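Heads up: the sequence lines are chains A and B, in that order. Each residue of the first sequence is one higher than the last, beginning at 391 in our numbering. Each residue of the second sequence is one higher than the last, beginning at 529 in our numbering. The next block holds one structure in the form of structure tokens; read it before the comments.
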Amino acid sequence: AQSVTQLGSHVSVSEGALVLLRCNYSSSVPPYLFWYVQYPNQGLQLLLKYTSAATLVKGINGFEAEFKKSETSFHLTKPSAHMSDAAEYFCAGGPQGGSEKLVFGKGTKLTVNP
Amino acid sequence: KAGVTQTPRYLIKTRGQQVTLSCSPISGHRSVSWYQQTPGQGLQFLFEYFSETQRNKGNFPGRFSGRQFSNSRSEMNVSTLELGDSALYLCASSPTPGEQFFGPGTRLTVL
Numbered sequence: 391a392q393s394v395t396q397l398g399s400h401v402s403v404s405e406g407a408l409v410l411l412r413c414n415y416s417s418s419v420p421p422y423l424f425w426y427v428q429y430p431n432q433g434l435q436l437l438l439k440y441t442s443a444a445t446l447v448k449g450i451n452g453f454e455a456e457f458k459k460s461e462t463s464f465h466l467t468k469p470s471a472h473m474s475d476a477a478e479y480f481c482a483g484g485p486q487g488g489s490e491k492l493v494f495g496k497g498t499k500l501t502v503n504p
Numbered sequence: 529k530a531g532v533t534q535t536p537r538y539l540i541k542t543r544g545q546q547v548t549l550s551c552s553p554i555s556g557h558r559s560v561s562w563y564q565q566t567p568g569q570g571l572q573f574l575f576e577y578f579s580e581t582q583r584n585k586g587n588f589p590g591r592f593s594g595r596q597f598s599n600s601r602s603e604m605n606v607s608t609l610e611l612g613d614s615a616l617y618l619c620a621s622s623p624t625p626g627e628q629f630f631g632p633g634t635r636l637t638v639l
């Protein structure tokens, strides 16, 4: 079965510093990989999506992610953190099972320090 | 276009009661999925409906059920509520394979 693992449940960076959130997927490569962001008391917002068209994917708010098959990784990066980036980030893979089912990682809470 | 809407946003119930949550997908989206989010288990897939048919179901007891109407709106029902059912329930709609748009969720508290 497909699985997604996020390394680090909490990441803390200074404003202006590089943001790196790690995600690894199981070797049974899903059709798509996603990064979502969740702000307190809100639903999930799609940051970016990998669909095999390009290994480097650019998303909203300056985020990007690189698909590396050799490392089974799909890490999320942003060159310069902003206070407004503080949120929880989820990596997901799917769909699977002949439906739209997504499998999510456990999430990484990003704190941005002034 | 209006986003995915979920009602109610907050619910408080007691053990043994039942609850119905509602989700209105983005216009034109025929697939609706439901997820349960808890601090301990994270985001877990409940079920997905497409054109009024359940297409997939997660590993949840039969107390959890759902349905979809001809206008794509969906409801999920939880009967005989348990304390462990306290969670944020998220609905997502999809226009194409692999892209899901999430609603704000319904926060259910079971006392």
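Here a beta-carbon is modelled for each residue, glycine too, at the ideal position from N, C-alpha and C. Please read all numbers here as calculations on a predicted model, not as lab measurements.
Rounded C-alpha distance that separates residue i from residue j
| i | j | result |
| --- | --- | --- |
| S550 of chain B | S607 of chain B | 15 Å |
| P430 of chain A | A444 of chain A | 32 Å |
| S402 of chain A | K439 of chain A | 24 Å |
| Q569 of chain B | G612 of chain B | 11 Å |
| R642 of chain B | L618 of chain B | Here chain B comprises residues numbered 529 to 639, so residue 642 of chain B is not present and cannot be evaluated. |
| F629 of chain B | G449 of chain A | 15 Å |
Among the options, nearest to residue i - alpha-carbon criterion
| i | options | result |
| --- | --- | --- |
| W425 of chain A | A:S474, A:T501, A:G497 and A:V502 | A:G497 |
| D475 of chain A | A:E405, A:G484, A:S460 and A:G433 | A:E405 |
| S602 of chain B | B:Y577, B:D613, B:P567 and B:G626 | B:Y577 |
| G633 of chain B | B:N584, B:E580, B:G556 and B:S552 | B:S552 |
| H472 of chain A | A:E454, A:F457 and A:V502 | A:V502 |
| Q564 of chain B | B:G590, B:S614 and B:I540 | B:S614 |
CB of residue i within 8 Å of CB of residue j, strictly
| i | j | result |
| --- | --- | --- |
| S561 of chain B | E478 of chain A | no |
| L639 of chain B | T535 of chain B | no |
| K459 of chain A | V409 of chain A | no |
| S579 of chain B | R558 of chain B | yes |
| S593 of chain B | N605 of chain B | yes |
| L466 of chain A | L423 of chain A | no |
| L375 of chain A | E461 of chain A | Since the first residue of chain A shown is 391 and the last is 504, residue 375 of chain A is not available in this structure. |
| V427 of chain A | F494 of chain A | no |
Residues sharing a beta bridge with residue i, DSSP
| i | result |
| --- | --- |
| E456 of chain A | A:L446 and A:H465 |
| V427 of chain A | A:Q435 and A:Y479 |
| N503 of chain A | A:S404 |
Buried or exposed (CB count within 10 angstroms, at least 16 for buried), residue i
| i | result |
| --- | --- |
| S600 of chain B | buried |
| Q546 of chain B | exposed |
| A530 of chain B | exposed |
| H400 of chain A | exposed |
| F597 of chain B | exposed |
Any non-hydrogen atom of the ligand PLP closer than 7 Å to residue i Cβ
| i | result |
| --- | --- |
| N431 of chain A | The ligand PLP is not part of this structure, which contains no ligands at all. |
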